[in-house]
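Contents: one structure, followed by commentary.
Numbering (the working numbering), first residue to last: 132 to 493.
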């Protein structure tokens with residue numbers, strides 16, 4: 132067995148905490164001694180023990196002389212929990228293999244230096260690209276101090292997101308919709324616009340038996356037109372935040388019902404600066420946002436270059452005509468201005484296809 136084999140297992144362990152560790156990263160760790168895995172663990176929830184500690188506890192005395200595989204550099208500072216480097220040193224681990232250094236300035240290579248100073252062999256960079264993708268939200272937070280933004284959309288093969296009468300139930304199949312619920316579970320917030328609320332009355336909750344949380348539901352509603360009976364205003368299971376310019380008696384009524392109202396100044400009549408919306412969410416602790424919007428709002432986010440990742444669900448159907456597409460508003464004038472995408476995954480989901488892509492920044 133080689134380092135990549137064990138690191139891949141560490142990445143699989145890390146993914147078990149998906150959606151539960153924010154604002155912390157996803158981390159998995161395993162201890163290998165004489166070709167046998169003697170301990171493993173993952174970061175299960177923010178505020179709880181780190182992956183390395185779980186692996187050390189499971190290994191016990193067998194950690195001495197073992198190699199530790201972890202997808203992110205062990206921390207060397209005290210936060211909610213003590214530094215992992217000291218536990219690793221105390222356990223007698225002889226080698227540490229990590230996929231990437233920690234972009235957190237409180238660590239930033241310091242953890243590896245601490246381990247080396249204690250005589251532990253250190254190898255860094257194994258499956259580094261995979262590790263970067265796994266913790267793209269955490270990396271965006273650390274390096275850019277803003278939320279990571281992804282767009283999820285379902286369309287037919289001819290790029291339509293609804294029929295001519297605006298109906299869109301259902302473009303994708305049941306399996307694709309279940310996967311979409313898994314995406315909601317992964318992100319801190321789901322953002323939509325008032326047009327989608329009025330047209331579809333969505334709940335935007337995670338409806339999966341194994342779900343352990345719901346995202347914050349964010350609606351950009353400039354004039355505060357969300358109907359009092361809208362499903363998204365039911366805060367018994369999930370929190371809701373309305374971004375609006377209207378501070379009136381209806382806003383006060385919604386606050387009394389437990390709905391959060393975020394008042395922003397308009398960038399222009401009837402329009403907010405989307406960067407300011409994202410900045411305000413970040414200040415509230417939102418590290419990742421999943422866009423589930425109509426064409427106009429999706430187009431606005433695209434034109435401003437604010438989408439970091441795309442999830443395109445394509446169904447083997449045709450609508451044709453002048454039905455809505457994925458992105459509304461003005462497009463590019465020439466193909467040389469088209470946004471190139473890097474497709475990282477293509478997955479068949481019972482007849483539908485999911486394309487996962489990232490923009491190639493110019």
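Where a beta carbon is used, it is the ideal one built from N, C-alpha and C, also for glycine.
Q: List in chain order: all unbroken beta strand (DSSP E) runs of 3+ residues lying wholly within the region 138 to 211.
A: 159 to 164, 167 to 173 and 198 to 201
Q: State the DSSP-derived secondary structure class of residue 410, mapped to helix, strand or coil.
A: Counting from 1 along the chain shown, the entry for residue 410 is found at position 279. Note: residue 410 maps to helix in three-state DSSP.
Q) From 433, 239 and 406, pick the residue whose C-alpha is nearest to that of residue 459; which is it? A) Locating residue 459 in the chain shown gives position 328, where the first residue counts as 1. Looking at the Cα atoms, 433 is the closest of the given residues.
**Q.** Burial state of residue 283, where buried means 16 or more other Cβ atoms lie within 10 Å
**A.** Residue 283 sits at position 152 when you count from the first residue of the chain shown. The residue in question, residue 283, is buried, as its Cβ has 16 or more Cβ neighbours within 10 Å.
Q. Nearest to residue 175 by alpha carbon, out of 164, 157, 398 and 371?
A. By 1-based counting over the chain shown, the position of residue 175 is 44. Residue 157 is the option with its Cα nearest to residue 175.
Q. Should residue 153 be labelled buried (16 or more other beta-carbon atoms within 10 Å of its own) or exposed?
A. Counting from one through the chain shown, the residue named residue 153 turns up at place 22. Within 10 angstroms of the beta-carbon of residue 153 lie 16 or more other beta-carbons, which makes it buried.
Q) Count the other CB atoms within 10 Å of the CB of residue 332; is the residue buried (16 or more) or exposed (fewer)? A) Start at 1 with the first residue of the chain shown, and residue 332 comes out as number 201. Classification for residue 332: exposed.
Q) Closest to residue 278 by CA distance: which of 416, 374 and 201 is it? A) As a first step, residue 278 must be located in the chain shown, where it is residue number 147. Residue 416 is the option with its Cα nearest to residue 278.
Q. For residue 420 versus residue 280, is the C-beta distance shorter than 8 Å?
A. For this step, residue 420 is matched to residue 289 along the chain shown. For this step, residue 280 is matched to residue 149 along the chain shown. For residue 420 and residue 280, yes; Cβs fall inside 8 Å.
Q. Where DSSP assigns a beta bridge to residue 399, which residues make up the other side?
A. Along the chain shown, read from residue 1 onward, the residue named residue 399 stands at position 268. The partner list for residue 399 (beta bridge, DSSP) reads 402.
(Q) Considering Cα atoms alone, identify which of 389, 353, 392 and 218 is closest to residue 376. (A) Within the chain shown, numbered from 1, the residue matching residue 376 stands at position 245. Residue 376 has its Cα closest to that of 353, out of 389, 353, 392 and 218.
Q) Could you check where the beta strand (DSSP E) with residue 419 kicks off and where it finishes? A) Taking the chain shown and counting its residues from 1, the one referred to as residue 419 is at position 288. Looking at the DSSP string, the run of the beta strand (DSSP E) that includes residue 419 is 419 to 422.
Q.
Between which two residues does the alpha helix (DSSP H) holding residue 478 run?
A. Locating residue 478 in the chain shown gives position 347, where the first residue counts as 1. Segment 472 to 480 is the beta strand (DSSP E) holding residue 478; no alpha helix (DSSP H) there.
Q. Between residue 362 and residue 341, what straight-line distance do the alpha-carbon atoms span, to the nearest angstrom?
A. Along the chain shown, one-based indexing puts residue 362 at 231. Along the chain shown, one-based indexing puts residue 341 at 210. Their Cα atoms are separated by approximately 22 Å.
Q. From 337, 223, 199 and 481, pick the residue whose C-alpha is nearest to that of residue 369; which is it?
A. Start at 1 with the first residue of the chain shown, and residue 369 comes out as number 238. Considering only 337, 223, 199 and 481, the residue with the shortest C-alpha distance to residue 369 is 337.
Q | Beta bridge counterpart(s) of residue 375 as assigned by DSSP | A | The residue labelled residue 375 in the question sits at position 244 within the chain shown. The partner list for residue 375 (beta bridge, DSSP) reads 394.
Q. In the structure shown, what three-state DSSP assignment does residue 438 receive?
A. Here residue 438 refers to the residue found at position 307 when the chain shown is read from its first residue. Residue 438: coil per DSSP, three-state reduction.
Q: Classify residue 226 as helix, strand or coil using the three-state DSSP reduction.
A: Position 95 of the chain shown, counted from the start, is the residue given in the question as residue 226. In the structure shown, residue 226 sits in a strand (DSSP, three-state: E or B).
Q) When the Cα atoms are used, what is the spatial distance from residue 471 to residue 490? A) For the purposes of this step, residue 471 is taken as residue 340 along the chain shown, with counting starting at 1. For the purposes of this step, residue 490 is taken as residue 359 along the chain shown, with counting starting at 1. Each residue's alpha carbon lies about 6 Å from the other.
Q. Within the chosen definition, does the region 201 to 209 reach the region 239 to 259 through at least 3 CB pairs nearer than 8 Å?
A. yes
Q. Per the contact definition of three or more C-beta pairs closer than 8 Å, is the region 222 to 238 in contact with the region 179 to 196?
A. The region 179 to 196 is in contact with the region 222 to 238.
Q.
Tell me the rounded alpha-carbon separation between residue 169 and residue 203.
A. On the chain shown, position 38 is the one that residue 169 refers to. On the chain shown, position 72 is the one that residue 203 refers to. Straight-line Cα distance between these residues: approximately 20 Å.
**Q.** Supposed contact pair residue 365 and residue 346 - C-beta distance, whole angstroms, cut 8 Å
**A.** Numbered from its first residue, the chain shown carries residue 346 at position 215. Numbered from its first residue, the chain shown carries residue 365 at position 234. With 8 Å as the limit, residue 346 and residue 365 do not qualify as a contact, their Cβ atoms being about 15 Å apart.
(Q) Strictly by DSSP, which residues pair up with residue 237? (A) Here residue 237 refers to the residue found at position 106 of the chain shown. None; residue 237 has no bridge partner.
Q | Ranges of the beta strand (DSSP E) found wholly within the region 309 to 335, counting only runs of at least 3 | A | 320 to 324
Q.
For the structure I just gave you, are there three or more beta carbon pairs, one from the region 321 to 328 and one from the region 423 to 442, closer than 8 Å?
A. yes
Q: Name, in chain order, the residues that DSSP records as bridge partners for residue 253.
A: Sequence index remark: in the chain shown, residue 253 carries index 122 (1-based). Bridge pairing for residue 253: 227 [DSSP].
Q: Would you kindly work out how many angstroms separate the C-alpha atoms of residue 213 and residue 178, rounded to a whole number?
A: The residue given as residue 213 occupies position 82 in the chain shown. The residue given as residue 178 occupies position 47 in the chain shown. Between residue 213 and residue 178, the C-alpha separation is close to 11 Å.
Q: Would you mind working out which of 389, 275 and 306 sits nearest residue 406, comparing C-alpha positions?
A: For the purposes of this step, residue 406 is taken as the residue at position 275 of the chain shown. The shortest Cα separation from residue 406 among 389, 275 and 306 belongs to 275.
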